[in-house]
Amino acid sequence: MRFTRGKINSIDDEAIKYFKDFDHALLGKTTIRHLVTHSHGLGETNDGKIFREFEPGQSWAYRDINVRMMTHLIYQLYRKSFPELLKERVFKPANFQETGWRIQQDDNLVAVVDDPNKDAIREIGTVDDGTEKNLFVSAREFAQWGNLHLNQGMIHDKQIVPKQVIKIATSLQSPTYVNKELPQNGLFWFVQNEPAQLSELGERVPKGSYQILGITGPTILVIPAYNVVIAKMYNKRYNYGGDNYLYYLREFSNLVVDTFRNSNRA
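Counting along the sequence shown from 1, when you hit position 120 you're at 120 in the UniProt record's numbering, and nothing is skipped either side.
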């Protein structure tokens with residue numbers, strides 16, 4: 001959102017402009033676009049050493065480091081954490097009361113399944129600044145979040161988020177890959193341009209659709225072609241199907257499309 005107000009000129013700005021303490025040689029030609037589309041090529045060892053997996057824009061890999069970098073950048077630009085900004089500029093105007101980064105136990109917080117052979121455990125964070133994986137949301141407000149995007153940032157005829165911000169976030173921003181089967185992203189959202197085998201979105205999902213997936217499996221799928229938002233709630237930290245998990249993600253979106261396509265024909 002910040003570059004719409006002149007603080008970031010373009011998502012094609014080189015990242016080193018904003019991360020001056022970072023290793024210049026390591027960042028190289030990495031841009032903001034690369035960071036928000038998982039095409040940055042940075043990896044991290046278990047002891048925190050950052051290295052380069054591939055040249056920026058040449059491939060795709062989901063890693064935590066770019067998310068942390070963007071979280072830091074938002075604080076650097078606003079002097080507020082991004083949860084504070086969301087609460088101030090989106091959650092309060094939208095009357096969201098069941099969404100937030102939790103640091104205190106609550107009976108309404110669903111326990112998380114780390115191992116299907118063990119009891120679920122209640123997991124909360126130690127901080128609520130967006131640097132930990134402790135975001136909780138109700139199914140109702142999760143769906144409303146998708147609806148906010150479907151309706152171009154509007155709720156009840158009120159423009160909560162600028163339309164241009166929604167458009168940029170949910171339209172194709174990935175660089176052009178040599179490998180056409182790599183996932184395609186907007187600003188972190190997975191977007192459907194042309195079907196790709198390594199995408200979370202199935203081949204039958206219409207162009208212009210977009211999806212986001214949480215660490216414990218909750219999924220928002222937005223299909224503007226059908227005027228549809230689907231919210232799927234999970235509470236597990238392991239992948240169904242093991243290494244074949246991508247099949248289940250893709251098939252879910254395909255089945256959603258089949259359902260609404262057939263209902264539209266009826």
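Idealized CB from N, CA, C, for every residue including glycine.
Give the straight-line distance between the Cα atoms of T4 and V165, rounded to the nearest whole angstrom. Translated into the one-based positions of the sequence shown, residue 4 becomes position 4. Translated into the one-based positions of the sequence shown, residue 165 becomes position 165. The pLDDT assigned to T4 is 49, lower than 50, so where the model puts this residue is not dependable; a value taken from the coordinates is nonetheless given after this. Each residue's Cα considered, the two are about 8 Å apart.
Would DSSP call M1 helix, strand or coil? Taking the first residue of the sequence shown as 1, we reach residue 1 at position 1. Because the pLDDT of M1 is 48, which lies under 50, any placement of that residue in the model is unreliable, and the question is left without a value.
What whole-angstrom Cβ distance do V256 and I230 have, given they're in contact under 8 Å? The residue given as residue 256 occupies position 256 in the sequence shown. The residue given as residue 230 occupies position 230 in the sequence shown. Contact holds; Cβ gap of about 5 Å.
Might you give, ordered along the chain, the residues of its own chain that have their beta carbon closer than 6 Å to the beta carbon of L27, omitting 5 neighbours on each side? As a first step, residue 27 must be located in the sequence shown, where it is residue number 27. A15, I16.
Residue from D64, M233, L109 with nearest C-alpha to G41: Walking along the sequence shown from the start, residue 41 turns up at place 41. With distances taken between Cα atoms, G41 lies closest to D64.
Buried or exposed, going by whether 16 or more other CB atoms sit within 10 Å of the CB of D128? Counted from its first residue, the sequence shown places residue 128 at position 128. Buried, by the Cβ-count rule.
Please determine if the region 157-176 and the region 233-247 are in contact, where contact requires at least 3 C-beta pairs separated by less than 8 Å. no
Spatial neighbours of L35 within its chain, please: C-beta separation below 8 Å, excluding the five flanking residues on both sides. Mapped onto the sequence shown, residue 35 falls at position 35. These residues qualify, in order along the chain: A15, N66, M69, M70.
Would F142 and G100 qualify as a contact pair, given that the criterion is a beta-carbon distance under 8 Å? For this step, residue 142 is matched to residue 142 along the sequence shown. For this step, residue 100 is matched to residue 100 along the sequence shown. Not closer than 8 Å, so no.
F91 - partner residues in DSSP beta bridges: Position 91 of the sequence shown, counting from 1, holds the residue named residue 91. F91 pairs with nothing; no bridge assigned.
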